[in-house]
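Protein chains in written order, with the numbering used here: chain A, 4 to 369; chain B, 37 to 430. Think of the CB as a built atom: it goes at the ideal place given N, C-alpha and C, for glycine as much as any other residue. The next block holds one structure in the form of structure tokens; read it before the comments.
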Amino acid sequence: MTSRSGTVAEPVEASEPGAHGYRRPLTRADHVAMPNAQVMTYRQALNDTLRQEMIRDDKVFLIGEEIGVFEGSYKITAGLLAEFGPERVRDTPIAEEGFTGAAIGAAMLGYRPVVEIMTINFTLKAIDQIVNHAAKIHSMFGGQSSVPLVLRTPGGGGQQLAATHSQNLEVWYAHIPGLKVVAPSSPADAKALLLAAIRDNDPVIFLENLALYNTKGPVPDGDEAAEIGRAAVVRAGTDVTIVSYSRGVLTALEVAERFEAEGVSIEVVDLRSLRPLDRRSICASVMRTGRAVVFEDDWLTYGIGAELSATIAEGAFDYLDAPVRRVAAAEVPLPYAKPLELAAMPDADDLARAVRELLQDTRFRK
Amino acid sequence: MSTIQPETSLSNHLHDERAIPTEPMVDGTSVPPGEASADFLQLLTPDGHRTPNADYDPWVADVDVASLVRLYEDHVVVRRIDTEAMHLQRQGQLGLWAPLLGQEAAQIGSARSLRSDDFVFSSYRENAVAYCRGVDFTDLMRVWRGNSHSGWDPYEINMAIPSVIIGTQALHATGYAMGCQFDGGDQVAIAYFGDGATSQGDISEAMVFAARFQAPVVFFCQNNQWAISEPVERQARIAIANRAPGFGIPSIRVDGNDVLAVMAVTRRAIERARTGGGPTFIEAVTYRMGPHTTSDDPTRYRNKEELDEWSVKDPIKRLEAHLSSMGALTDEVRAEVQAKADSVAAEVRAGTLGLTDPESLSIFDHVLSTESSWLERQKSQYSAYLDMFEGGAR
Ligand SMILES: Cc1ncc(C[n+]2csc(CCOP(=O)(O)OP(=O)(O)O)c2C)c(N)n1
Ligand SMILES: [Mg+2]
Numbered sequence: 004m005t006s007r008s009g010t011v012a013e014p015v016e017a018s019e020p021g022a023h024g025y026r027r028p029l030t031r032a033d034h035v036a037m038p039n040a041q042v043m044t045y046r047q048a049l050n051d052t053l054r055q056e057m058i059r060d061d062k063v064f065l066i067g068e069e070i071g072v073f074e075g076s077y078k079i080t081a082g083l084l085a086e087f088g089p090e091r092v093r094d095t096p097i098a099e100e101g102f103t104g105a106a107i108g109a110a111m112l113g114y115r116p117v118v119e120i121m122t123i124n125f126t127l128k129a130i131d132q133i134v135n136h137a138a139k140i141h142s143m144f145g146g147q148s149s150v151p152l153v154l155r156t157p158g159g160g161g162q163q164l165a166a167t168h169s170q171n172l173e174v175w176y177a178h179i180p181g182l183k184v185v186a187p188s189s190p191a192d193a194k195a196l197l198l199a200a201i202r203d204n205d206p207v208i209f210l211e212n213l214a215l216y217n218t219k220g221p222v223p224d225g226d227e228a229a230e231i232g233r234a235a236v237v238r239a240g241t242d243v244t245i246v247s248y249s250r251g252v253l254t255a256l257e258v259a260e261r262f263e264a265e266g267v268s269i270e271v272v273d274l275r276s277l278r279p280l281d282r283r284s285i286c287a288s289v290m291r292t293g294r295a296v297v298f299e300d301d302w303l304t305y306g307i308g309a310e311l312s313a314t315i316a317e318g319a320f321d322y323l324d325a326p327v328r329r330v331a332a333a334e335v336p337l338p339y340a341k342p343l344e345l346a347a348m349p350d351a352d353d354l355a356r357a358v359r360e361l362l363q364d365t366r367f368r369k
Numbered sequence: 037m038s039t040i041q042p043e044t045s046l047s048n049h050l051h052d053e054r055a056i057p058t059e060p061m062v063d064g065t066s067v068p069p070g071e072a073s074a075d076f077l078q079l080l081t082p083d084g085h086r087t088p089n090a091d092y093d094p095w096v097a098d099v100d101v102a103s104l105v106r107l108y109e110d111h112v113v114v115r116r117i118d119t120e121a122m123h124l125q126r127q128g129q130l131g132l133w134a135p136l137l138g139q140e141a142a143q144i145g146s147a148r149s150l151r152s153d154d155f156v157f158s159s160y161r162e163n164a165v166a167y168c169r170g171v172d173f174t175d176l177m178r179v180w181r182g183n184s185h186s187g188w189d190p191y192e193i194n195m196a197i198p199s200v201i202i203g204t205q206a207l208h209a210t211g212y213a214m215g216c217q218f219d220g221g222d223q224v225a226i227a228y229f230g231d232g233a234t235s236q237g238d239i240s241e242a243m244v245f246a247a248r249f250q251a252p253v254v255f256f257c258q259n260n261q262w263a264i265s266e267p268v269e270r271q272a273r274i275a276i277a278n279r280a281p282g283f284g285i286p287s288i289r290v291d292g293n294d295v296l297a298v299m300a301v302t303r304r305a306i307e308r309a310r311t312g313g314g315p316t317f318i319e320a321v322t323y324r325m326g327p328h329t330t331s332d333d334p335t336r337y338r339n340k341e342e343l344d345e346w347s348v349k350d351p352i353k354r355l356e357a358h359l360s361s362m363g364a365l366t367d368e369v370r371a372e373v374q375a376k377a378d379s380v381a382a383e384v385r386a387g388t389l390g391l392t393d394p395e396s397l398s399i400f401d402h403v404l405s406t407e408s409s410w411l412e413r414q415k416s417q418y419s420a421y422l423d424m425f426e427g428g429a430r
């Protein structure tokens with residue numbers, strides 16, 4: 004498997020289609036059937052889960068800018084300062100590298116810091132601490148120290164926040180061995196993956212999305228954590244697979260809905276975890292449909308879609324009826340003006356166009 | 037011919053006057069970071085009384101009544117623009133606005149101390165600095181309307197577009213200054229940043245470089261007591277100005293609501309930089325009277341007493357009292373200044389409302405300064421796509 008020059012990727016075995024199971028996204032209708040679930044926003048699910056974990060484990064604490072008195076730039080930490088006090092909800096100086104590095108030190112002592120960085124754009128100030136330290140310490144210490152840290156941060160353009168505040172840079176972290184990167188797309192997953200991230204002994208980048216905070220869905224009570232590294236088929240289909248994550252999953256579901264009316268059955272795979280990547284579930288889905296489109300919010304070149312396309316080429320090449328299609332942002336610094344932002348960001352129409360072209364290229368007939 | 041003698045040159049250096057970092061007005065480490073009443077230079081008291089100061093009076097000796105009236109006009113005009121912009125934002129005409137209410141003197145006093153070929157690196161709140169540099173406010177509004185990332189020609193105005201990633205511009209100012217030094221010119225760079233920004237490594241690193249290379253740069257920190265909802269005590273335990281001497285940079289705290297004092301210290305710092313004396317750190321102690329931006333409500337995190345306390349120290353009231361005491365604030369002066377402010381505000385409003393959306397295809401402009409076939413391809417594909425829509429979607 005490993006040669007002297009590095010990793011040689013082998014075809015992905017996905018002999019048992021569906022081995023990783025179907026997991027429909029929970030909908031409002033499920034709520035009726037699930038007496039132990041409450042419908043709430045993604046924001047509320049995060050807030051409740053932070054509270055729940057802080058009650059469960061007094062080693063869990065929160066650290067970041069404006070998270071206490073101001074309750075977070077996006078109000079994810081609402082009420083937590085009042086409930087847990089300033090020792091466990093720490094408002095910090097404006098120094099992302101400073102508090103990320105300090106959180107790493109606390110984690111090395113056995114604390115479980117949950118760091119909030121206002122947006123993924125500002126994690127660039129902390130990138131040395133994340134990549135050279137959080138991701139390396141366990142390995143370089145010969146396994147004798149670990150960094151059970153969670154770094155929560157939202158990505159997501161489209162809010163007219165201009166070029167330095169609108170980027171989707173998760174692929175930078177997904178590239179790094181020693182990190183885990185998760186990206187929930189629903190309130191239920193926001194909870195299940197945050198539980199998993201906080202309880203994980205390794206550093207986890209927990210990617211939120213500005214466009215998801217107000218989305219609603221049922222969230223089960225209790226404390227069942229997700230398994231990090233498992234994708235989910237959130238909509239079953241037979242003709243085309245769309246692979247996406249975070250906000251992109253909602254767009255994929257919307258497009259799947261549109262095509263259903265035309266008799267085209269689209270399967271949607273929600274990655275949930277960017278690292279580790281659930282290669283088997285992705286390939287298993289493509290083996291069922293024979294057509295794949297990847298939808299990503301980041302830039303095309305060297306993006307998440309590049310990894311997914313390679314994965315599919317390695318694991319399901321013989322099943323493909325056409326090359327994998329990728330839909331990503333225009334390769335420009337994200338614009339500021341609304342019409343330009345709309346032009347640069349990938350949306351449902353772009354995705355639908357790629358799906359339609361793929362169907363035409365493969366002479367799809369109902 | 038010279039031989040290097042490390043020991044002697046080091047000890048000489050220690051006795052070199054320039055190497056003594058603290059200015060007389062800065063006290064030791066006892067000043068809390070938010071303290072406003074003590075240990076800073078003030079030339080105009082809040083009630084407009086002129087207090088003499090032997091060290092700094094010479095730096096503003098030329099500021100006569102006519103100059104003071106012009107400074108007063110600057111204050112009234114920028115505050116009027118600020119009010120207009122707040123209204124425009126509330127009316128949905130601007131995406132966001134970061135008001136400078138209360139910080140006029142700090143910005144005007146410093147910006148009016150610069151030569152036109154000095155270069156400004158600022159953050160997002162330095163709208164009065166932009167005004168003093170001669171930025172056309174329609175161009176400034178272009179940015180706040182979310183119309184374009186930048187509005188003016190930085191080399192015409194000698195001011196970079198604002199950096200919104202906190203603290204970064206101090207490094208750019210330092211590098212620009214090192215370039216001026218290398219070119220043998222006598223221009224100076226000035227970096228504006230807030231109290232919150234001083235926590236960023238960038239500011240410390242900028243000071244390391246500026247000190248090491250004796251770069252002609254002025255660090256101008258507006259300590260407006262708040263960084264969004266975090267009071268300055270969250271950033272620092274002692275007065276921010278007191279950090280600079282540790283880097284080997286002389287520093288001074290000044291009453292940031294006193295335009296005359298701000299002018300005196302900035303002129304002195306600029307002169308020091310221009311004549312090879314290296315960097316200076318200025319902490320202008322002021323107050324953000326309004327919200328951080330139009331998207332937050334400060335009553336949620338700070339109390340009214342604080343606001344009341346600071347409104348007594350308002351920079352405009354102070355100038356008015358001072359001018360009145362000299363008999364210079366006549367009804368004519370007031371009327372003229374008000375008329376100018378109203379007409380500038382009207383221009384700003386008309387200019388803002390007249391801004392049109394840019395063309396979709398312009399997203400590919402300026403990605404690189406050289407041609408790129410990959411960009412060209414993207415552009416032609418996107419153009420073909422837009423052509424598919426009836427009437428064109430550009
Ligand atoms: C690197 C980075 N971190 C966080 C932010 C978010 N942010 C924007 S303004 C601000 C407060 C800055 O306060 P200060 O430096 O005192 O300037 P002021 O707003 O008071 O003028 C913060 C934290 C940012 N823009 N960049
Ligand atoms: Mg401030």
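Coarse secondary structure for residue i, derived from DSSP in three states
| i | result |
| --- | --- |
| A/THR44 | strand |
| B/LEU150 | coil |
| B/GLU345 | helix |
| B/ASN339 | coil |
| A/GLY220 | strand |
| B/THR330 | coil |
| B/GLN78 | coil |
| A/THR254 | helix |
Separation of residue j from residue i, as counted between CA atoms
| i | j | result |
| --- | --- | --- |
| B/MET11 | B/GLY387 | Any question about residue 11 of chain B goes unanswered here, given that chain B covers just 37 to 430. |
| A/ASN124 | A/LEU172 | 8 angstroms |
| A/THR52 | A/VAL72 | 19 angstroms |
| B/ASN339 | A/LEU253 | 42 angstroms |
| B/SER184 | A/GLN163 | 11 angstroms |
| B/ASP231 | B/ALA213 | 22 angstroms |
| A/GLU360 | A/GLY158 | 29 angstroms |
| B/PRO334 | A/GLY145 | 49 angstroms |
| B/ALA272 | B/ASN278 | 10 angstroms |
| A/TYR305 | A/ALA332 | 12 angstroms |
| B/SER409 | A/HIS168 | 27 angstroms |
| A/VAL153 | A/ASN217 | 22 angstroms |
| B/TRP180 | B/TRP133 | 6 angstroms |
Nearest residue (CA-CA) to residue i, options the options
| i | options | result |
| --- | --- | --- |
| A/PRO151 | A/THR103, A/GLU265, A/GLN55 | A/THR103 |
| A/LEU274 | A/ILE307, A/ALA165, A/TRP302 | A/ILE307 |
| B/SER419 | B/ASN293, B/ILE399, B/GLU192 | B/ILE399 |
| A/LEU351 | A/GLU257, A/ILE315, A/ALA309 | According to the sequence provided, residue 351 of chain A is Ala. The question's Leu does not apply to it. Residue A/GLU257 is the option with its Cα nearest to A/ALA351. |
| B/SER240 | B/ASP219, B/GLN258, B/GLY282, B/ALA377 | B/GLY282 |
| A/ARG155 | A/ARG294, A/SER149, A/LEU362, A/VAL207 | A/VAL207 |
| B/VAL384 | B/VAL113, B/TYR323, B/MET195 | B/VAL113 |
| B/GLY284 | B/ALA247, B/GLU269, B/MET195, B/GLY313 | B/ALA247 |
| B/VAL295 | B/PRO252, B/TYR421, B/HIS358, B/ILE202 | B/HIS358 |
| B/TYR228 | B/VAL244, B/ASP423, B/ALA206, B/ILE197 | B/ALA206 |
Contact list for residue i against chain E, beta-carbon separation under 7 angstroms
| i | result |
| --- | --- |
| B/HIS185 | As a matter of chain content, chain E is missing from the structure shown, whose protein chains are A and B. |
(request) Could you name each continuous beta strand (DSSP E) segment of 3 residues or more that falls completely within the segment 84-135 of chain A, going from the start of the chain to the end? (result) Entirely contained in the segment 84-135 of chain A, the beta strand (DSSP E) runs reaching 3 residues are, in chain order, 92-94, 115-119.
(request) Compile a chain-ordered list of the residues in the segment 70-81 of chain A whose CB is closer than 7 angstroms to at least one CB of chain B. (result) Closer than 7 angstroms at the C-beta level to chain B, one finds these residues of the segment 70-81 of chain A: VAL72, PHE73.
(request) Select from the segment 257-287 of chain B all residues with a C-beta closer than 7 angstroms to any C-beta belonging to chain A, and list them in chain order. (result) Listed in sequence order: ALA263, ILE264, SER265, GLU266, ARG270, GLN271.
(request) For the segment 101-116 of chain A, enumerate the residues whose C-beta is nearer than 9 angstroms to any C-beta of chain B, in chain order. (result) Residues passing the 9 angstroms Cβ filter: GLY101.
(request) Select from the segment 293-305 of chain A all residues with a C-beta closer than 7 angstroms to any C-beta belonging to chain B, and list them in chain order. (result) Within the segment 293-305 of chain A, not one residue has a Cβ closer than 7 angstroms to any Cβ of chain B.
(message) Extract the residue ranges of the beta strand (DSSP E) inside the segment 216-242 of chain B, only unbroken runs of 3 or more that lie entirely within it.
(response) With a minimum length of 3 residues, the continuous beta strand (DSSP E) runs that stay inside the segment 216-242 of chain B are 225-230.
(message) Which complete beta strand (DSSP E) runs does the segment 274-311 of chain B hold, if anything under 3 residues is left out?
(response) For the segment 274-311 of chain B, whole beta strand (DSSP E) runs of length 3 or above, ordered along the chain, are 287-291.
(message) Which residues of the segment 192-210 of chain B have a Cβ closer than 8 angstroms to any Cβ of chain A? Give them in chain order.
(response) Answer in chain order: VAL200, ILE201, ILE202, GLY203.
(request) Taking a Cβ distance cut-off of 9 angstroms, strictly less, list which residues of the segment 379-400 of chain B are near chain A, in chain order. (result) Per Cβ criterion, the list reads ASP393, PRO394, GLU395, SER396, LEU397, SER398, ILE399, PHE400.
(request) Please specify which runs of the beta strand (DSSP E), each continuous and at least 3 residues long, are wholly inside the segment 125-212 of chain B, giving them in chain order. (result) Within the segment 125-212 of chain B, the complete beta strand (DSSP E) runs of at least 3 residues are 155-157.
(request) Check each residue of the segment 336-348 of chain B: if its Cβ is closer than 7 angstroms to any Cβ of chain A, include it; give the result in chain order. (result) Within the segment 336-348 of chain B, those residues whose Cβ lies closer than 7 angstroms to any Cβ of chain A are, in chain order, TYR337.
(request) With 8 angstroms as the limit, tell me which residues of the segment 400-416 of chain B have their beta carbon closer than that to any beta carbon of chain A; keep them in chain order. (result) Taking 8 angstroms as the cut-off between beta carbons, the residues of the segment 400-416 of chain B near chain A are PHE400, VAL403, TRP410, LEU411, GLN414, in sequence order.
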